[in-house]
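Engineer: Mind looking over this structure? Questions follow.
Next comes the structure, spelled out in structure tokens:
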């Protein structure tokens, strides 16, 4: 009986053995000039927690990490540092064919300045208009290239109409699961050590309590499809 | 003789006793919506080094610190956390009358988005124009209010025509000294533990070697006017 418990525990912990996860995390920074950039409040904590939890459960992880002061040296995790949405897009598309599963946790800038000034922009009197152009859509491009044996999880950060928007995103981009979180919930999302999520697929919405990001990571990983028995 | 050396050493170390320094440090973040912001590459290291060096030399320091993961708990330093240029401006103007000296090390955003969207801006097809408006000028406003017994140091980060632009800034804003650094020098300015500066006043330009930011801080503090003998 004790052996069964130990075995169950061990199996749970190593249930991702043989899997190779592609995880994106952190913000992206879109430069205006050598000094200024357009950024967002992501710190990478949730994605790093996902990478560490997945590695602890036996997976090999490629962690594509935007600019943040946080990182990880967990065994089994390869950190690929990037700065911009385009760098993250290129890196993710390169590695997606080798992955069994993808979890797109990064807060990727939808827009970037039309051009990057080579010198620091001098201030002038009065206002100025900054033209922003669309960045490539990593989730949509990975969803388009997804093989039937691959599983793809996206994140949605919504301040209003969360579930409706998340389900639209799921279908439009060919994702298997969406993690919805809101910066309006105290203690959740950017910068916090805790998060409160809803997991949304085509059939159902599962709502979780506020908990440590490492535990949230395990809730998400529990939804990856089980290893096929050989 | 030994006593003289010790006394000289002690005096050097406590040469800022009785002074109250106002130091600004770090970047500012100018929000577009609850998630996105316009930022810059400053980490606050140089300003924190200045605050710690000044406190070690006997000064009381008000450190107005923009959003960064770094901080200080050095005795004698009061940290006032702010996020935006307007918050930093308000905080600096409030405290300036009590200060004997000001060192404006923060990389303050010259511009902010015209309005902050209350909800996360949804992406749409195509480009969009972001209208940016001027932020208040902290250096100019402190320079305008400067009493004859106050000493005001500004920072300039220039990628081209550094000395010429710095001297223009010195005169236009009523500063006593400008610290010029460049993100183009390897190992200098944002994010590095070292910096290479030039100190510029009305009469001369002094160029220093690349060195630790704490040593750079002492070079800058050495230029504050000596305490008047009572």
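Residue numbers (our numbering), protein chains in the order written: chain A, 1 to 230; chain B, 1001 to 1230.
C-beta: ideal position from N, C-alpha, C; glycine also.
Note that this is a predicted model, so its numbers are computed, not measured.
(1) Can you give the Cα-Cα distance for residue 1125/B and residue 1158/B, rounded to whole angstroms?
(2) For residue 1108/B and residue 33/A, I'd like the C-alpha separation in whole angstroms.
(3) Which parts of the stretch 1157-1204 of chain B are runs of the beta strand (DSSP E), unbroken and 3 residues or longer, counting only runs that do not cross its ends?
(4) When you compare the CB positions of residue 22/A and residue 99/A, do they come within less than 8 Å of one another, or not?
(5) If you draw a straight line from the alpha carbon of residue 1048/B to that of residue 1148/B, how long is it in whole angstroms?
(6) Out of curiosity, what's the CA-to-CA distance linking residue 1238/B and residue 1160/B?
(7) Taking a Cβ distance cut-off of 7 Å, strictly less, list which residues of the stretch 1021-1044 of chain B are near chain A, in chain order.
(8) Give me the subset of the stretch 1068-1079 of chain B whose CB atoms are less than 8 Å from a CB atom of chain D, sorted by chain position.
(9) Indicate whether the contact test is met: 3 or more Cβ pairs, each with one atom in the stretch 1119-1133 of chain B and one in the stretch 1046-1062 of chain B, closer than 8 Å.
(10) What residues of chain A sit near residue 1134/B, judged by a beta carbon separation below 8 Å?
(11) Going along chain A, which residues have a C-beta under 7 Å from residue 1159/B?
(12) What number of angstroms, rounded off, separates the C-alpha of residue 172/A from the C-alpha of residue 226/A?
(13) What did DSSP end up calling residue 1097/B once you bin it into helix, strand or coil?
(14) Nearest-angstrom Cα distance between residue 170/A and residue 1069/B?
(15) Closer than 8 Å, CB to CB, is residue 183/A near chain B or not?
(16) Can you check whether the CB of residue 1175/B is closer than 8 Å to the CB of residue 999/B?
(17) Compare the C-beta of residue 1130/B with all C-beta atoms of chain A and state if any pair is closer than 8 Å.
(18) Please check if any C-beta of chain B sits within less than 8 Å of the C-beta of residue 110/A.
(19) Mapping DSSP to helix, strand and coil, what is residue 1120/B?
(20) Under the three-state reduction of DSSP, which class applies to residue 269/A: helix, strand or coil?
(21) Quick check on residue 125/A: does DSSP put it in helix, strand or coil?
(22) Please report the Cβ distance between residue 177/A and residue 223/A, rounded to the nearest whole angstrom; I am assuming they are in contact, meaning their Cβ atoms lie under 8 Å.
(23) Using 8 Å as the threshold, is the C-beta distance between residue 77/A and residue 106/A below it?
Structural biologist: The structure says:
(1) Walking along the second chain from the start, residue 1125/B turns up at place 125. Walking along the second chain from the start, residue 1158/B turns up at place 158. As the crow flies, the alpha-carbon of residue 1125/B is around 36 Å from that of residue 1158/B.
(2) On the second chain, position 108 is the one that residue 1108/B refers to. On the first chain, position 33 is the one that residue 33/A refers to. Cα-Cα distance, rounded: 15 Å.
(3) 1177-1181 and 1198-1200
(4) Residue mapping note: residue 22/A aligns to position 22 of the first chain, counting from 1. Residue mapping note: residue 99/A aligns to position 99 of the first chain, counting from 1. Yes, the Cβ-Cβ distance between residue 22/A and residue 99/A is below 8 Å.
(5) Mapped onto the second chain, residue 1048/B falls at position 48. Mapped onto the second chain, residue 1148/B falls at position 148. Rounded to whole angstroms, residue 1048/B to residue 1148/B spans 27 Å at the Cα level.
(6) This structure does not reach residue 1238/B, given that chain B is present from 1001 up to 1230, and the question cannot be answered.
(7) 1034, 1035, 1036, 1037, 1038, 1039, 1040 and 1041
(8) Although the question refers to chain D, the structure presented lacks it and instead comprises the protein chains A and B.
(9) Taking a cut-off of 8 Å on C-beta distances, the stretch 1119-1133 of chain B does not touch the stretch 1046-1062 of chain B, as fewer than three cross pairs fall below it.
(10) Counting from one through the second chain, the residue named residue 1134/B turns up at place 134. Ordered by position in chain A, the residues that pass the 8 Å Cβ test against residue 1134/B are 123, 125, 126 and 127.
(11) Walking along the second chain from the start, residue 1159/B turns up at place 159. Under the 7 Å cutoff, chain A gives 34, 119 and 120.
(12) Counting from 1 along the first chain, the entry for residue 172/A is found at position 172. Counting from 1 along the first chain, the entry for residue 226/A is found at position 226. Roughly 25 Å between the two C-alpha positions.
(13) As a working note, residue 1097/B is residue 97 in the second chain. Helix.
(14) As a first step, residue 170/A is located in the first chain; it is residue number 170 there, counting from the start. As a first step, residue 1069/B is located in the second chain; it is residue number 69 there, counting from the start. The alpha-carbon atoms of residue 170/A and residue 1069/B are separated by roughly 34 Å.
(15) The residue given as residue 183/A occupies position 183 in the first chain. Chain B contact via Cβ: present.
(16) Residue numbering for chain B in the displayed model covers 1001 to 1230; residue 999/B lies beyond these limits and cannot be assessed.
(17) Within the second chain, the letter at position 130 stands for residue 1130/B. Chain A, which has a Cβ nearer than 8 Å to the Cβ of residue 1130/B, makes this yes.
(18) The residue labelled residue 110/A in the question sits at position 110 within the first chain. For residue 110/A, at least one C-beta of chain B is nearer than 8 Å to its own C-beta.
(19) As a first step, residue 1120/B must be located in the second chain, where it is residue number 120. Coil, per DSSP.
(20) Past the boundaries of the shown model lies residue 269/A; chain A is included only from 1 to 230, so the question cannot be answered.
(21) Within the first chain, the letter at position 125 stands for residue 125/A. Residue state for residue 125/A is assigned as coil, using DSSP reduced to three classes.
(22) Working through the first chain from its first residue, we reach residue 177/A at position 177. Working through the first chain from its first residue, we reach residue 223/A at position 223. Right, the Cβ-Cβ distance comes to about 6 Å (below 8 Å), so this counts as a contact.
(23) Taking the first residue of the first chain as position 1, residue 77/A is located at position 77. Taking the first residue of the first chain as position 1, residue 106/A is located at position 106. In this structure, residue 106/A does not lie closer than 8 Å to residue 77/A by Cβ.
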